[in-house]
Amino acid sequence: MKLWTAAVFTLSIIASQFIAFSTSANAEPEYLPVEQSSLVYMETNIGQVIIQLTDLQSPMAAKQFSNLVTEGFYHNQSFYRVIDGFVAQAGEMDYEKGVSKKSNFRRPISAEFTNVSNEQSGFQVVQSPALLAPETGYWHNFPAGQDPSTKERWLLHCPGAVAMARNNDPDSSSTEFYIVIGQAPRHLDRNMSVIGRVVHGMSIVQAMNRGERAEGGIVKPKSEQVKILSAAIGSSLSKAQQKNIRIANTKSDKFIKRINNAKHNPGPFLVYPGNGNVDVCYYQPSIKIG
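Going by mature numbering (1 follows the signal peptide of the UniProt record, and there is no 0), the letters in the sequence shown line up with residues -27 to -1, 1 to 263, in that order.
Here it is, written out as structure tokens:
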């Protein structure tokens, strides 16, 4: 069984409280459409889950997952490992040669835990320094971290994040994947190949039967495991089957105002207004469908 096992700012800790996005008026749209070619429509026996794939951090892993979806590998696989407050893991629990499902893409992938980027405009810094990264913010609308000294960037394990599972060998990811369902397990950042996020159906993922932690989260009996009936790339579906998914643009005036308010103007309800620090996992871009 495999185990779960994307201008540089130089600021002091005190100054980090006052980092704010630019509030100057801009022409950025409030929401951005998601291309159907980056969406995976997953039908389960309890409802639909849609995943948005990205190659920002882990391009090889994202491509392998897309290939597995296209060839139908995930049809009739299960979410066999579900740990409350942690992850829901799916795929092939145990590989047995000659018995397990055949695939042209069952091969180990080299670790892609960070990606080096020379791009200057794609990352919006929200917190610097951050608790679990030199800097955190948004990387093309995905919650992310970066290290300006090495130019490394990575996607964060926020709720809804999707990544490839592996065993202790960093280069052992193959066919299994997991979805973060609880409090962000940020210790996994820079340790796993993150390939996307759930954009529809998190209520379905949250409704999955849990396994016992003492048994590694394996859902027993097997009949209680949620079954993947089918999985398909959005661009392969008919217009009637596709959903129009739009995600809040982190560069829009409205989103920038939301983050700045979170830092400096949290409203009258809070007795203790905080210290100006922001957790980007809490402020994920909102999603509209239809």
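Positions of the beta carbon are idealized from the N, C-alpha and C atoms, including for glycine. All of these numbers come straight from a predicted model, not from anything done at the bench.
| query | result |
| --- | --- |
| Straight-line gap, residue 23 to residue 241 (C-alpha atoms, nearest Å) | 37 Å |
| Where residue 262 falls, given that 16 or more other Cβ within 10 Å makes a residue buried | exposed |
| Residue -8 in three-state terms, based on DSSP | With a pLDDT of 48 at residue -8, under the threshold of 50, the modelled position of that residue is not reliable, and the figure given next carries that caveat. Three-state DSSP puts residue -8 in coil, outside helix and strand. |
| First and last residue of the uninterrupted beta strand (DSSP E) at residue 46 | Here residue 46 belongs to no beta strand (DSSP E), and DSSP marks it neither H nor E. |
| Rounded distance between the beta-carbons of residue 154 and residue 61, thought under 8 Å | 5 Å |
| Counted within 10 angstroms of its Cβ, other Cβ atoms place residue 243 as buried (16 or more) or exposed | exposed |
| CA-to-CA distance, residue 226 to residue -2, given in whole angstroms | 7 Å |
| The alpha helix (DSSP H) enclosing residue 226, as first and last residue numbers | 226 to 237 |
| Proximity winner among 168, 13, 245 and 30, relative to residue 216 (alpha-carbon distances) | 13 |
| Short Cβ contact (8 Å threshold) for residue 116 with residue 108 | no |
| Cα-Cα separation between residue 91 and residue 66, rounded to whole angstroms | 38 Å |
| The beta strand (DSSP E) enclosing residue 203, as first and last residue numbers | 199 to 206 |
| In DSSP terms, what residue 326 is bridged to | A question about residue 326 goes unanswered here, because the residues of the chain that appear run from -27 up to 263. |
| Opening and closing residue of the alpha helix (DSSP H) in which residue 274 lies | Residue 274 is absent from the model: the chain starts at -27 and stops at 263. |
| Cβ shell of residue 191 (< 7 Å), same chain only, five flanking positions each side left out | 53, 54 and 184 |
| Any non-hydrogen atom of the ligand GDP within 7 Å of residue 142 CB | No copy of the ligand GDP occurs in the structure displayed, which carries no ligand at all. |
| For residue 140, the nearest candidate out of 81, 233 and 100 (CA to CA) | 81 |
| Environment of residue 142 [buried if 16+ CB atoms lie within 10 Å] | exposed |
| Residue from 253, 224, 199 and 229 whose Cα sits closest to the Cα of residue 48 | 199 |
| Pick from 228, 232, 133 and 162 that is closest to residue 176, judged by C-alpha positions | 133 |
| Contacts around residue -14, its chain only, beta-carbon distance under 7 Å, and the 5 residues preceding and following it disregarded | With a pLDDT of 31 at residue -14, under the threshold of 50, the modelled position of this residue cannot be trusted; read the value that follows with caution. Hits under 7 Å: none found. |
| Separation of residue 89 from residue 203, as counted between CA atoms | 34 Å |
| Residue 123 burial status per 10 Å Cβ neighbour count (16 or more: buried) | exposed |
| Alpha carbon of residue 249 to alpha carbon of residue 121, nearest angstrom | 22 Å |
| Residue 100 burial status per 10 Å Cβ neighbour count (16 or more: buried) | buried |
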